[in-house]
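**Q** Respectively, the protein sequence lines represent chains A and B. Under my numbering, the first residue of the first sequence is numbered 110, with each subsequent residue one higher. Under my numbering, the first residue of the second sequence is numbered 166, with each subsequent residue one higher.
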Amino acid sequence: MKGLLGGLAFLVLGLVAGFGARDIANGSLPDLGALTSTIFGGTQPAGIRPTAQFTSALSQIEAAYFDEVSREKLTYAATQGMLDALGDPHTVFLPPDLATRLDERTQGRFVGSGGIGAELGSHELGALIARVFRGGPAERAGLKPGDVIVKVNGDAVGDILGAVDQIRGEEGTFVTLDILRPTTGETKRYRLKREKVVIQDVYSEMLDGGFGYLLLRSFSDTIVPQFDEELRTLERQGLRGLIIDVRDNPGGLLERAGELVGRFLSGKLVVTLEQRGGSRVPFYAPSGLAEGRAYPIVVLVNEGSASAAEIFAGVMRDHHRAVIVGEATYGKASVQSVYHLPDGAQLKVTIGRYYLPSGESVQRVENDWGDVVRGRLEPDVAVKNPIGAEQGNLETDVQLQRAVALLKERASPAAMR
Amino acid sequence: MNEDRKRFWTVCWLAGSLAIGVIAGGGLRAGYERGDTSAFPAEMRGAVAEAGDRMLLADGRPAPEYFENVQRIIQRHFVEPVADETPLADGAVKGMVEDLNTTGTDFYKPELWSAMRDYYQGRAHGIGALVQLVRMQRGDETVYPLVVIAVAEGSPADEAGIRPGDWIEFVNGHWVGSRSLRPEWEALHEQRDKGEITQEEFRERLEALYERVDTMIFWDKAMHELLAEDRGTVEVTTLRDGKERTHRLARRVTSFEPIELSGDTVRIRTFPKGAAERLRSLLAGRESVTLDVRNNPGGAQEDVLEALSVLVPSQTLFVRQRPGEAPKALKTPAGEPPHPKLTVIADATTSREAEMFVAALRAAGADVRGEETLGLGIQVARYDLPSGAGYTVTRGVYLDAEKSPLLRNGYLLRPATASHAEEEQQ
Numbered sequence: 110m111k112g113l114l115g116g117l118a119f120l121v122l123g124l125v126a127g128f129g130a131r132d133i134a135n136g137s138l139p140d141l142g143a144l145t146s147t148i149f150g151g152t153q154p155a156g157i158r159p160t161a162q163f164t165s166a167l168s169q170i171e172a173a174y175f176d177e178v179s180r181e182k183l184t185y186a187a188t189q190g191m192l193d194a195l196g197d198p199h200t201v202f203l204p205p206d207l208a209t210r211l212d213e214r215t216q217g218r219f220v221g222s223g224g225i226g227a228e229l230g231s232h233e234l235g236a237l238i239a240r241v242f243r244g245g246p247a248e249r250a251g252l253k254p255g256d257v258i259v260k261v262n263g264d265a266v267g268d269i270l271g272a273v274d275q276i277r278g279e280e281g282t283f284v285t286l287d288i289l290r291p292t293t294g295e296t297k298r299y300r301l302k303r304e305k306v307v308i309q310d311v312y313s314e315m316l317d318g319g320f321g322y323l324l325l326r327s328f329s330d331t332i333v334p335q336f337d338e339e340l341r342t343l344e345r346q347g348l349r350g351l352i353i354d355v356r357d358n359p360g361g362l363l364e365r366a367g368e369l370v371g372r373f374l375s376g377k378l379v380v381t382l383e384q385r386g387g388s389r390v391p392f393y394a395p396s397g398l399a400e401g402r403a404y405p406i407v408v409l410v411n412e413g414s415a416s417a418a419e420i421f422a423g424v425m426r427d428h429h430r431a432v433i434v435g436e437a438t439y440g441k442a443s444v445q446s447v448y449h450l451p452d453g454a455q456l457k458v459t460i461g462r463y464y465l466p467s468g469e470s471v472q473r474v475e476n477d478w479g480d481v482v483r484g485r486l487e488p489d490v491a492v493k494n495p496i497g498a499e500q501g502n503l504e505t506d507v508q509l510q511r512a513v514a515l516l517k518e519r520a521s522p523a524a525m526r
Numbered sequence: 166m167n168e169d170r171k172r173f174w175t176v177c178w179l180a181g182s183l184a185i186g187v188i189a190g191g192g193l194r195a196g197y198e199r200g201d202t203s204a205f206p207a208e209m210r211g212a213v214a215e216a217g218d219r220m221l222l223a224d225g226r227p228a229p230e231y232f233e234n235v236q237r238i239i240q241r242h243f244v245e246p247v248a249d250e251t252p253l254a255d256g257a258v259k260g261m262v263e264d265l266n267t268t269g270t271d272f273y274k275p276e277l278w279s280a281m282r283d284y285y286q287g288r289a290h291g292i293g294a295l296v297q298l299v300r301m302q303r304g305d306e307t308v309y310p311l312v313v314i315a316v317a318e319g320s321p322a323d324e325a326g327i328r329p330g331d332w333i334e335f336v337n338g339h340w341v342g343s344r345s346l347r348p349e350w351e352a353l354h355e356q357r358d359k360g361e362i363t364q365e366e367f368r369e370r371l372e373a374l375y376e377r378v379d380t381m382i383f384w385d386k387a388m389h390e391l392l393a394e395d396r397g398t399v400e401v402t403t404l405r406d407g408k409e410r411t412h413r414l415a416r417r418v419t420s421f422e423p424i425e426l427s428g429d430t431v432r433i434r435t436f437p438k439g440a441a442e443r444l445r446s447l448l449a450g451r452e453s454v455t456l457d458v459r460n461n462p463g464g465a466q467e468d469v470l471e472a473l474s475v476l477v478p479s480q481t482l483f484v485r486q487r488p489g490e491a492p493k494a495l496k497t498p499a500g501e502p503p504h505p506k507l508t509v510i511a512d513a514t515t516s517r518e519a520e521m522f523v524a525a526l527r528a529a530g531a532d533v534r535g536e537e538t539l540g541l542g543i544q545v546a547r548y549d550l551p552s553g554a555g556y557t558v559t560r561g562v563y564l565d566a567e568k569s570p571l572l573r574n575g576y577l578l579r580p581a582t583a584s585h586a587e588e589e590q591q
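1) Under a Cβ-count criterion, where at least 16 other Cβ atoms within 10 Å of its own Cβ denotes burial, should aspartate 331 of chain B be classed as buried or exposed?
2) Touching or not, the region 190 to 201 of chain A and the region 570 to 582 of chain B, by the rule of three or more beta carbon pairs under 8 Å?
3) Tell me which same chain residues have a C-beta within less than 6 Å of the C-beta of aspartate 197 of chain A, skipping the five on either side of it?
4) Quick check: what's the CA-CA separation for histidine 199 of chain A versus serine 446 of chain A?
5) Check the DSSP bridge columns for glutamate 295 of chain A and list the partner residues they point to.
6) Since I believe threonine 251 of chain B is in contact with aspartate 157 of chain A (beta carbons under 8 Å), could you give me their beta-carbon distance rounded to a whole number of angstroms?
7) So arginine 487 of chain B contacts chain A; which residues on that side make the cut at Cβ distance below 7 Å?
8) Does the CB of tyrosine 273 of chain B have a neighbour CB from chain A at under 8 Å?
9) Going by DSSP, what residues sit across from glycine 350 of chain A in a beta bridge?
10) Below 8 Å on the Cβ atoms is my contact criterion, and I expect methionine 425 of chain A with valine 408 of chain A to pass it. Report the Cβ-Cβ distance as a whole number of Å.
11) Buried or exposed: which applies to phenylalanine 242 of chain A, given that a residue is buried once 16 or more other Cβ atoms fall within 10 Å of its Cβ?
12) For phenylalanine 421 of chain B and chain A, any beta-carbon pair shorter than 8 Å?
13) Name, going along the chain, the residues of the region 447 to 478 of chain A whose beta-carbon falls closer than 8 Å to a beta-carbon of chain B.
14) Where does methionine 381 of chain B fall in DSSP's three states?
15) Distance cutoff 8 Å, beta carbons only. Does aspartate 354 of chain A sit that close to anything in chain B?
16) Could you tell me if glycine 338 of chain B is buried or exposed, where buried requires 16 or more neighbouring beta carbons within 10 angstroms of its beta carbon?
17) Tell me, please, whether the region 428 to 442 of chain B touches the region 405 to 416 of chain B by the rule of three or more beta-carbon pairs shorter than 8 Å.
18) Can you grab the Cα-Cα spacing for the pair aspartate 354 of chain A / leucine 323 of chain A, in whole Å?
19) Looking at chain B, is there any beta carbon in it that lies within less than 8 Å of the beta carbon of leucine 348 of chain A?
20) Near methionine 381 of chain B, what residues of its chain come up, given a Cβ to Cβ distance below 6 Å and the 5 sequence neighbours on each side ignored?
21) Residues in the same chain with beta-carbon distance under 7 Å from glutamine 591 of chain B, minus the five sequence neighbours each way, listed in chain order, please.
22) By a C-beta neighbour count over all protein chains shown, 10 Å radius and 16 as the cutoff for buried, is serine 474 of chain B buried or exposed?
23) Between B:Pro321, B:Pro437, B:Asp358 and B:Trp278, which has its C-alpha nearest aspartate 286 of chain B's C-alpha?
24) Report the three-state DSSP secondary structure of asparagine 234 of chain B (helix, strand or coil).
25) Start and end of the alpha helix (DSSP H) containing alanine 520 of chain A?
26) Are the beta-carbon atoms belonging to alanine 247 of chain A and leucine 316 of chain A less than 8 Å from one another?
27) The region 402 to 425 of chain A: which residues have C-beta closer than 9 Å to a C-beta of chain D, in chain order?
28) For isoleucine 333 of chain B versus valine 401 of chain B, is the C-beta distance shorter than 8 Å?
29) Contact criterion: CB-CB distance below 8 Å. Does alanine 546 of chain B meet it with respect to chain A?
30) Nearest by alpha-carbon distance to phenylalanine 392 of chain A: which of A:Asp256, A:Gly386 and A:Ile420 is it?
31) Could you please tell me which residues of the region 548 to 567 of chain B, in chain order, have their CB closer than 8 Å to any CB of chain A?
32) Just reading off the alpha helix (DSSP H) that glutamine 162 of chain A is part of, what are its end residues?
33) How is the alpha helix (DSSP H) around arginine 357 of chain B delimited, first residue to last?
34) Given that a residue counts as buried once 16 or more other Cβ atoms are within 10 Å of its Cβ, and exposed if not, what is alanine 514 of chain A?
35) Quick one: what's got a C-beta closer than 7 Å to threonine 430 of chain B's C-beta in the same chain, skipping five residues either side?
36) What is the residue span of the beta strand (DSSP E) that glycine 245 of chain A lies within?
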């Protein structure tokens with residue numbers, strides 16, 4: 110802070126000297142009022158005032174456009190357009206209807222009272238099944254990630270949020286889904302009974318040879334006890350090596366990611382948070398929880414790994430505790446704050462950035478061609494999965510196969526005892 | 166979410182996994198982001214509405230104040246202090262304009278806006294063409310091609326054989342996203358099912374489709390590379406009659422005479438400022454003349470109307486503006502005789518205001534030859550912004566002498582799926 114103040118004082122002096130000298134050379138005394146506003150005008154940014162331009166353009170559009178326009182919709186569009194100009198994909202505006210639906214979704218997480226146990230994504234033909242939950246109605250019926258829901262109860266699927274609304278319903282009732290499997294091009298009809306869906310954030314499985322597989326779906330608030338339990342289950346079976354899968358894990362809470370890091374690295378630096386104005390705050394993993402865990406670890410990542418998932422993988426790598434296998438990650442290294450607007454809309458604003466222990470920022474930066482020119486977490490061992498590979502299935506999951514092969518090389522015979 | 170993004174996601178239907186990655190990372194998991202959930206700052210809640218009863222949102226809140234609140238949150242809290250707010254001001258306009266998702270309603274950054282203005286005055290930049298983003302009906306789908314509407318004679322585009330009506334498909338290898346990939350995707354599956362391609366070929370070509378979506382650019386970037394840069398080269402792939410052609414073009418400025426007399430024919434390539442004066446001087450003393458308006462993308466409406474006043478007595482044209490309302494009359498200024506006997510040559514390379522020009526001359530008894538005009542006869546208003554950027558707003562559709570709209574051949578104002586769409590084709 111001292112350094113910053115020093116710099117500012119220097120800047121002020123520099124400006125005074127520059128302006129003053131010129132004014133005196135012109136034969137006039139420096140105008141102190143003008144100087145003050147030049148120096149302290151920093152609170153008032155330069156350029157065209159956005160509100161004035163928005164207001165006049167809105168009037169012009171309303172007067173000229175051939176059809177009625179919704180002033181509300183245009184105001185929301187202008188707001189999002191202004192945020193887009195910041196060039197930060199994570200500073201976004203959610204209009205009231207979207208904000209409400211997202212809140213319901215994140216709080217109730219797909220469930221309502223009953224669901225089919227699947228996570229959905231966008232798809233032009235309907236809704237993409239991104240994940241199926243173990244033991245849930247969707248999995249038992251044979252639905253697979255990559256399948257596309259084209260109709261729900263005979264009605265075409267609109268957007269993804271609409272699909273969630275259509276699929277959810279009372280526990281014990283039925284929903285009919287027309288499912289397209291893109292790998293075969295076939296469409297089949299399924300009738301599923303809605304059940305209370307319990308979200309599992311952690312899933313574990315013991316693979317052959319004493320290698321454990323731990324899938325982390327997201328870093329939710331409740332992940333830590335689940336993680337500890339699954340990890341203990343694996344360790345009781347004699348763990349020679351561990352694969353932690355954070356592919357398609359969109360992140361979650363930084364604190365939880367840090368706590369999980371503490372299971373393998375005691376008291377180590379997780380990230381440094383940088384706030385507006387440049388202040389930096391380090392964030393450490395807890396101590397004393399990593400005892401007796403010497404087995405090698407591979408972390409699996411892909412382009413769907415973001416935020417806390419990237420932190421987890423990056424920290425494990427930076428402290429040489431894990432090898433990262435898979436594909437370059439999404440690249441999100443920023444922290445958002447949510448502002449609630451009076452009409453129910455929400456504004457998510459990036460208020461800080463974080464850096465990995467190596468000092469690296471994984472924040473994705475694209476040029477205007479859309480090419481990523483900086484950021485993302487590059488894997489130590491790059492392996493791409495072919496289209497149609499089923500994650501977690503050793504038969505088709507090439508990235509998982511590679512992870513197992515690496516562990517076989519690294520697992521010490523000592524650990525076999 | 167603005168329309169451009171919506172369209173992006175629509176086009177991204179193949180990349181389902183990409184979509185969820187980005188949406189889940191950016192939006193859906195709002196509740197999982199780290200960060201303090203602050204209440205709406207108190208000092209903003211109490212802000213006094215000064216906008217009066219003007220510009221109220223549906224629920225009675227003033228639009229400017231709502232917008233300003235957001236802008237102040239950004240100013241105070243965004244991780245990087247905003248030094249110059251001009252891009253934010255322009256972004257707001259861009260957001261509104263794109264949200265309307267209408268042919269002829271577009272936002273242009275300063276370099277592109279000035280390059281387009283220059284074209285009408287006879288200075289073509291870049292590859293030397295004009296292109297426009299349109300919405301079109303193809304089967305049961307709406308497509309968003311970037312269509313070449315004029316090519317300057319002697320320009321790099323002209324030399325390469327690019328013609329009005331061509332679609333821009335790729336720029337420097339990046340797909341412009343002009344149409345849905347669904348037909349290709351379906352054809353690919355059909356070929357595999359019939360055993361025409363091996364599983365290996367099928368995978369490779371499917372990967373290529375993913376790749377195309379991954380590297381897609383937006384139309385304004387494509388247009389900038391083609392029309393606003395005067396140096397370096399650009400690789401462009403066009404589509405005509407289902408066939409792709411790729412050209413590498415050296416960009417430069419191409420100058421041409423917008424209105425020129427050769428023999429008994431007046432070639433009208435655009436309607437620049439002062440078009441009427443120019444025509445008057447070229448036509449002085451002539452009893453008959455042929456006007457060639459092929460390869461003409463129009464110009465500002467007032468310049469076209471003034472040009473008409475030199476050629477024919479005052480005409481009443483019609484524009485359909487508000488759907489459901491009676492067409493609005495548009496009167497051309499009373500001209501000064503002598504009005505020569507006119508022959509007009511037009512075809513599918515005659516577009517926008519030039520189509521209205523041809524319709525007006527036909528209504529006045531001119532002998533119109535050639536072919537039907539493009540069918541993109543839309544009336545637009547053009548607005549300059551202080552930054553040098555500009556935007557256009559679609560005011561309506563010009564009607565011909567039979568009062569049938571000059572919006573034809575599959576061109577749409579808005580996607581067919583949008584409400585009110587049926588009225589536009591009436």
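Idealized CB from N, CA, C, for every residue including glycine. Fair warning: this is a prediction, and the values are worked out from it, not measured in the lab.
**A** According to the structure data:
1) Classification for aspartate 331 of chain B: buried.
2) The region 190 to 201 of chain A makes no contact with the region 570 to 582 of chain B: fewer than 3 CB pairs, one atom from each, lie closer than 8 Å.
3) For aspartate 197 of chain A, the CB contacts under 6 Å within the same chain, skipping 5 residues up- and downstream, are Thr459 in chain order.
4) In a straight line, the C-alpha of histidine 199 of chain A is about 10 Å away from that of serine 446 of chain A.
5) Residue pairing of glutamate 295 of chain A in beta bridges, as defined by DSSP: A:Arg290.
6) The question names aspartate, but residue 157 of chain A is isoleucine in the sequence shown. Between isoleucine 157 of chain A and threonine 251 of chain B, the beta carbon gap of about 5 Å places them in contact (Cβ cut-off 8 Å).
7) Identification of chain A residues near arginine 487 of chain B by a Cβ-Cβ cut-off of 7 Å yields Phe175 and Asp176, ordered along the chain.
8) Not one chain A Cβ lies under 8 Å of tyrosine 273 of chain B.
9) Beta-bridge pairing links glycine 350 of chain A to A:Phe320.
10) Confirmed, Cβ separation roughly 6 Å.
11) Phenylalanine 242 of chain A is buried by the Cβ-count criterion.
12) It does not: the Cβ of phenylalanine 421 of chain B has no partner Cβ on chain A nearer than 8 Å.
13) Residues are counted here when their Cβ sits less than 8 Å from a Cβ of chain B; for the region 447 to 478 of chain A these are Val447, Tyr448, His449, Leu450, Pro451, Asp452, Gln455, Leu456, Lys457, Val458, Thr459, Ile460, Gly461, Arg462, Asp477 and Trp478, given in chain order.
14) DSSP, read as helix, strand or coil, puts methionine 381 of chain B in coil.
15) The beta-carbon of aspartate 354 of chain A is placed no less than 8 Å from the nearest beta-carbon of chain B.
16) By the beta-carbon neighbour count (other beta carbons within 10 angstroms, threshold 16), glycine 338 of chain B is exposed.
17) These segments do not touch.
18) The alpha-carbon of aspartate 354 of chain A is positioned some 6 Å away from that of leucine 323 of chain A.
19) Chain B contact via Cβ: absent.
20) Trp340 and Gly342, listed in sequence order.
21) Its pLDDT being 38, under 50, glutamine 591 of chain B is placed unreliably by the model, and the measurement read from it follows with that caveat. Here the set comprises nothing.
22) Label assigned to serine 474 of chain B: buried.
23) Looking at the sequence shown, residue 286 of chain B is not aspartate but glutamine. Of the listed residues, the one whose Cα sits closest to glutamine 286 of chain B is B:Pro437.
24) DSSP places asparagine 234 of chain B in helix when its eight states are reduced to three.
25) Where alanine 520 of chain A is concerned, there is no enclosing alpha helix (DSSP H), given that its DSSP letter is neither H nor E.
26) No, the Cβ-Cβ distance between alanine 247 of chain A and leucine 316 of chain A is not below 8 Å.
27) Absent from the structure: chain D. Protein chains present are A and B.
28) With contacts defined as CB atoms closer than 8 Å, isoleucine 333 of chain B and valine 401 of chain B qualify as a contacting pair.
29) Yes, contact with chain A.
30) Out of A:Asp256, A:Gly386 and A:Ile420, A:Ile420 has the C-alpha closest to the C-alpha of phenylalanine 392 of chain A.
31) Here the close residues are Tyr548, Leu550, Pro551, Ser552, Tyr556, Val558, Thr559, Arg560, Gly561 and Val562.
32) Residues 159 to 173.
33) Arginine 357 of chain B -> alpha helix (DSSP H) spans 347 to 358.
34) It is exposed - the Cβ of alanine 514 of chain A has fewer than 16 other Cβ atoms within 10 Å.
35) Thr455 and Asp457, listed in sequence order.
36) According to the DSSP assignment, glycine 245 of chain A belongs to no beta strand (DSSP E), since it is labelled neither H nor E.
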